[in-house]
Structure formats: C-alpha cells, structure tokens
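Student:
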Amino acid sequence: MPNNALKLLFVSTPVGALGTGVGGGVELSLYNIAQEMLRRGHSLQILAPIGSKLAQLPIIEIPGNVQIIAQIQERNTPIMMPDNGVLANMWEYARQVQGEYDLIVNFAYDWLPFYLTPFFSKVIAHFVSMGSLSVAMDEIVTQVATNPGTIGFYTPSQAATFALNSQCTCLSSGVDLSLYEFCPNPDNYLAWLGRIAPEKALEDAVEAAQIANIPLKIMGKIQDEDYWQKICQSYPNAPIEYLGFLSTTDMQQQLRSCKALLMTPRWIEAFGNVAIEALACGVPVIAYRRGGPAEIVIDGKTGFLVEPDSVKGLVSAIARLPEIDRSNCRQSAETDYSLEALGDRFENWFRFILKFPH
Ligand code: HBI
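To convert, count from 1 in the sequence shown and add 33; that's the working numbering.
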C-alpha cells in the first residue's frame with residue numbers, strides 16, 4: 034500500500050442488499066467509488082445488509098431488518114427505526130472497529146448516522162444521495178454540516194434543496210466507461226431506466242412513447258408494484274416492454290441501441306446516474322429541466338432539456354433527435370464522468386476532511 038494510502042470504511046444504504054437495485058443510484062455510486070479507491074491502492078471495507086454482493090468488493094454483511102425508504106414518507110414523518118434494524122447494527126459495528134480506519138464514509142440517507150457523528154472518535158464523511166425530503170433529515174444534516182466539508186452532495190441543485198448556510202462539497206458522479214459501448218446507429222426504440230416509483234414519473238415517458246409511436250424499453254427495479262400496475266392499466270396499448278432489473282452489462286446492451294433515454298423525474302433528482310450511463314453509450318438524454326439531469330444534459334448538444342412535467346415537450350424533443358450527434362454524447366461522458374475524474378473528486382474530498390482536526 035503506498036504510504037499515504039487511506040484506510041476507508043464505507044457504510045452502505047440500509048434499504049436493501051447491495052446488488053438488488055433497491056438502493057438505486059447510490060448503489061452504483063458506492064460500487065464505482067469503492068472500485069476506484071481500491072485501484073488507487075487505498076484499503077477498504079464495506080458494511081452492508083446481508084445478501085449484498087458487488088463483484089469482488091470486500092463486503093462485511095450485517096444482519097437486521099431493512100430501513101423504510103425515505104422518499105415515501107411525508108416531510109414531517111417522525112424518524113422510524115425497525116426492531117433489530119440493519120442501520121443500527123451497521124453503525125454499532127462501525128463504532129467497534131472505527132479505530133482501524135482513517136475515515137468512515139456514510140452512504141445512508143438516514144437520520145441515525147448523522148446523529149451518531151459527534152459520538153464517534155473517528156471522523157465521518159456523509160455522502161447525501163437525495164435532495165431534501167424531511168424536516169428531521171434537513172435539521173440533522175445542517176447540524177453535521179458545521180464540521181467543515183463533511184457533507185458531500187452530487188450536485189449544486191440537490192445541495193440547494195437543503196437550507197445549508199455552510200459550504201458543502203459537490204462530487205457529481207461517474208461510471209466505468211469501459212462497460213459502455215458506443216452505438217452510432219440506433220434502432221427505433223426509446224429507453225427509460227430507474228426505480229419504478231412515483232417520484233420517477235414513468236407514466237410521462239409511457240404517454241410520450243405512445244404519442245410518438247416509438248416502442249419504449251423500461252428497465253429497473255419495480256419498487257412500487259401498485260404504481261406499476263396503475264401505469265399498465267392506464268396505458269393498455271402503449272408500445273412498452275419491461276425488461277426487469279438488469280446487470281450493467283445487459284442493461285447497456287439494450288440501452289446503447291436506443292434513439293434516446295427519457296428522464297421524467299417528478300422530484301429534484303439529486304443526480305441521475307442513468308443519464309451518464311446513456312451518454313456513455315452515445316445515447317442522447319431527453320430530461321425535464323429539473324435537478325441533476327439539468328446539470329448533465331447540454332441542451333441541443335447531448336440531448337434536450339424540457340419544461341418539467343410537459344409530455345408535449347418530451348414528444349417535440351423526440352422529433353428533434355436527428356439534430357444530435359451521438360458521438361458528442363460519448364465525448365461528454367469521457368470528459369466529465371469517467372471513473373478517474375470521480376476518483377479524483379472523492380479522494381480530494383476525503384483528504385480535505387482529514388486535514389481538519391476533528
Ligand atoms: N431511504 N431511508 C432511506 N435510506 C437510504 O439510504 C435511501 C432511501 N431511499 C432511496 C435511497 N437511499 C437510494 O435509492 C437513493 O439515495 C439513490
């Protein structure tokens with residue numbers, strides 16, 4: 034190990050086992066950052082719920098009941114902890130082993146790890162993976178933000194949803210570009226990727242595909258079964274096919290040959306990892322001008338930004354796709370979203386935090 038190598042402990046999201054897609058974008062982010070830190074010679078352990086599997090990454094599986102997902106709760110919902118919660122068990126384990134590490138990195142969007150921060154002797158870096166969702170989380174994130182630089186976000190628009198008066202670190206995201214294969218000549222398909230849940234507004238993409246009369250490939254974990262059934266019943270004749278939650282390799286094989294990826298977030302998407310996965314394949318992104326995607330898509334160059342919640346806007350953008358040079362999409366992924374660029378941002382963040390006495 035190089036002498037200035039870091040000993041890192043990553044503590045995962047508690048909503049489900051890594052590799053199942055329940056953790057959405059933060060699962061992919063954790064995987065990519067972990068892989069990049071190991072490649073740079075740092076040592077790393079990952080605490081994650083039982084059943085977690087991410088390629089050959091060093092995972093310590095922790096038992097316990099998964100946490101309720103934050104985005105289905107109201108802004109004033111009290112903090113809830115299940116009995117024998119995996120979140121509490123992961124952080125009890127982290128407390129016991131903290132002396133073996135230089136830095137602990139939290140990937141959970143949950144109150145507990147933020148509250149525990151001052152009780153730990155080891156400094157904790159918190160990577161916040163969604164925009165503001167609740168008063169309790171806003172309060173505790175703002176409280177921890179007084180430790181300089183220890184709160185990291187994906188994007189400025191995500192950070193802006195928290196009323197933080199102290200500076201915070203925006204880390205963007207990145208993917209392993211070698212996994213995504215450029216496709217210059219697409220088939221007549223559109224794509225939609227992500228957790229199938231109300232905040233992702235899949236119904237808008239289905240309606241746009243129906244109006245444009247272009248088949249839509251849907252991939253991702255069905256997080257809300259009733260919501261999915263409602264879409265199928267509302268659009269019985271829409272040209273859609275659901276391909277399931279696929280591995281990155283299988284997903285990009287489907288995605289790369291699409292004319293465009295549609296991104297229809299109803300909420301302030303913190304980043305939108307699926308956008309850079311599409312760009313890496315040379316697939317233009319048509320997205321609502323809201324949150325992370327609005328900071329990723331270069332309107333008219335790598336896709337189109339559309340008035341939020343406007344299906345008509347999606348349809349007219351689809352008609353303009355011939356204006357986009359697909360090699361510009363791949364180029365923008367290589368310039369801004371490579372694993373190396375991501376690794377630099379995260380390593381600089383970790384070293385910045387460790388510079389301060391805690
Ligand atoms: N909900 N309670 C909770 N904790 C998380 O870590 C969490 C979540 N919902 C969604 C989620 N993480 C990830 O899918 C997003 O951060 C990407």
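Every residue gets a Cβ at the ideal spot worked out from N, C-alpha and C, and that includes glycine. None of these values were measured; they are calculated from a predicted model.
Along the chain, where does the beta strand (DSSP E) that runs through Y148 open and close?
Tutor: That residue, Y148, is in no beta strand (DSSP E); its alpha helix (DSSP H) goes W144 to L149.
Student: So, at 7 Å on beta carbons, what are the nonlocal neighbours of C314 in its own chain, with the 5 sequence-adjacent residues on each side left out?
Tutor: Closer than 7 Å at the Cβ level, and outside the excluded window around C314, lie Y213, E214, F215, C216, Q285, L288 and R289.
Student: What does DSSP give as the partner residue(s) for Q78 in the beta ladder?
Tutor: L42.
Student: I'd like to confirm something about Q100: is its beta-carbon nearer than 8 Å to some heavy atom of ligand 1, or not?
Tutor: Correct: Q100 has its Cβ closer than 8 Å to ligand 1.
Student: Expressed to the nearest angstrom, what Euclidean distance is found between the alpha-carbon atoms of L136 and F152?
Tutor: Spanning the two alpha carbons is a distance of roughly 15 Å.
Student: Give me, in chain order, the residues of the same chain whose beta-carbon lies closer than 8 Å to that of I93; leave out the 5 immediate sequence neighbours on both sides.
Tutor: Within the same chain, I93 has close Cβ partners Q78, I79, L80, A81 and Y126.
Student: Measure how close the beta-carbons of L39 and F383 come, nearest whole angstrom, since I'm counting them as under 8 Å.
Tutor: 6 Å between Cβ atoms; contact.
Student: What separation, rounded to the nearest whole angstrom, lies between the Cα atoms of D358 and T335?
Tutor: Between D358 and T335, the C-alpha separation is close to 8 Å.
Student: On the three-pair Cβ rule with 8 Å, is the region 367–381 touching the region 250–262?
Tutor: No, they do not touch.
Student: For D237, count neighbouring Cβ atoms within 10 angstroms of its own Cβ and tell me buried if that reaches 16, exposed if not.
Tutor: Buried.
Student: Strictly by DSSP, which residues pair up with I157?
Tutor: Note: I157 sits in a beta bridge opposite I137.
Student: Within the continuous alpha helix (DSSP H) that includes K250, where are the two ends?
Tutor: Unbroken run through K250 is the beta strand (DSSP E), L249 to M252; no alpha helix (DSSP H).
Student: Tell me C203's beta-bridge partners as DSSP assigns them.
Tutor: Its beta-bridge partners are F186.
Student: Is any non-hydrogen atom of ligand 1 found closer than 8 Å to the C-beta of S162, if you look at the structure I gave you?
Tutor: S162 Cβ: within cutoff of ligand 1.
Student: Going straight from the alpha carbon of V318 to that of G346, what length do you get?
Tutor: Approximately 13 Å, taken between the alpha carbons.
Student: Assign S200 to buried or exposed, taking buried as 16 or more other Cβ atoms, counted over all protein chains shown, within 10 Å of its Cβ.
Tutor: First, the residue type needs correcting, since residue 200 is Gln and not Ser in the sequence shown. Classification for Q200: exposed.
Student: Consult DSSP for I173 and reduce its assignment to one of helix, strand or coil.
Tutor: Correct three-state label for I173: helix.
Student: Which ranges would you report for the alpha helix (DSSP H) in the region 246–310 if only whole runs of at least 4 residues count?
Tutor: If we require 4 residues or more, the alpha helix (DSSP H) runs fully inside the region 246–310 come out as 258–267 and 281–288.
Student: Counting along the chain, where does the alpha helix (DSSP H) carrying E328 start and finish?
Tutor: That run of the alpha helix (DSSP H) goes P326 to I329.
Student: Does the region 218–227 come close enough to the region 185–204 that 3 or more CB-CB pairs lie under 8 Å?
Tutor: The answer is no - the region 218–227 does not touch the region 185–204, with fewer than three Cβ pairs under 8 Å.
Student: Work out the CA separation of K233 and R322 for me, nearest whole Å.
Tutor: If you take the alpha carbons of R322 and K233, they lie about 14 Å apart.
Student: Using a Cβ-Cβ cut-off of 6 Å (strictly less than) and excluding sequence neighbours within five positions of G6, which residues of its own chain qualify?
Tutor: Not covered by the structure: residue 6. The range shown for the chain is 34 to 391.
Student: Shorter than 8 Å, the distance from the beta carbon of Q104 to the closest heavy atom of ligand 1, or not?
Tutor: Q104: yes, Cβ under 8 Å from ligand 1.
Student: Give the C-beta separation of G58 and F304 to the nearest angstrom, bearing in mind that I take them to be a contact with Cβ-Cβ under 8 Å.
Tutor: At roughly 6 Å, the Cβ-Cβ gap stays under 8 Å, so G58 and F304 are in contact.
Student: How far does the alpha helix (DSSP H) with Y213 in it reach, from first residue to last?
Tutor: Segment: none, Y213 is in no alpha helix (DSSP H) and carries neither H nor E.
Student: Taking F337 as part of the beta strand (DSSP E), name the residues at either end of that continuous run.
Tutor: That run of the beta strand (DSSP E) goes G336 to V339.
Student: With three or more C-beta pairs closer than 8 Å as the rule, is the region 339–353 touching the region 374–389?
Tutor: Touching, no.
Student: Count the other CB atoms within 10 Å of the CB of P360; is the residue buried (16 or more) or exposed (fewer)?
Tutor: Before going further, note that residue 360 is Ser rather than Pro in the sequence given. Answer is exposed; the Cβ neighbour count stays below 16.
Student: Using the Cα positions of L226 and Q106, report the straight-line distance between them to the nearest angstrom.
Tutor: Taking the straight line from one Cα to the other gives about 23 Å.
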